[in-house]
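Here the structure is laid out as structure tokens; the discussion comes afterwards.
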Amino acid sequence: MQENDIYTVYVGYAGNQGGKRRPVWLSSVNQSTISVFRITTKYQSKSVNIKKRLILLHDWQIFYWVSFLLKKCGITKNMKKTNT
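The numbering of the sequence shown is the working numbering, which starts it at 11 and goes up by one.
Right, here's the structure in full:
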């Protein structure tokens, strides 16, 4: 597993049985923790509470390719979530 890659993982429903596979962005990995962010295309339909926990990517294709190119150049450790 590498930082700044996109994976699919099984995500369980909160408070309910079941779940489904969802895309996630892997933001960091260390010996005891893997940090991911869920990816959704339905941001506008989410509640205010859920939106607080999501990152809105207007141009996800640009984000993906910038991340890909930085990784190819060996620049991945400094890419962190920022609160702007």
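Even for Gly, the Cβ is constructed at its ideal location relative to N, Cα and C.
Item                                                                                                                                        : Value
Within 10 Å of its beta-carbon, does ASN40 have 16 or more other beta-carbons around it, so buried, or fewer, so exposed?                   : exposed
Just to confirm the assignment, what range does the alpha helix (DSSP H) spanning ILE16 have?                                               : Here ILE16 belongs to no alpha helix (DSSP H); instead the beta strand (DSSP E) covers 16–22.
With a threshold of 16 other CB atoms inside 10 Å of the CB of ASN14, please say whether the residue is buried or exposed.                  : buried
Given TYR23, which residues of its chain have a CB within under 7 Å of its CB, disregarding the five upstream and five downstream residues? : GLY29
If you draw a straight line from the C-alpha of GLN12 to the C-alpha of ASN26, how long is it?                                              : 31 Å
Which class does SER57 belong to by DSSP, given the choice of helix, strand or coil?                                                        : coil
What distance in whole Å lies between the Cβ atoms of VAL21 and LEU36, which are believed to be in contact at a cut-off of 8 Å?             : About 14 Å; that fails the 8 Å criterion.
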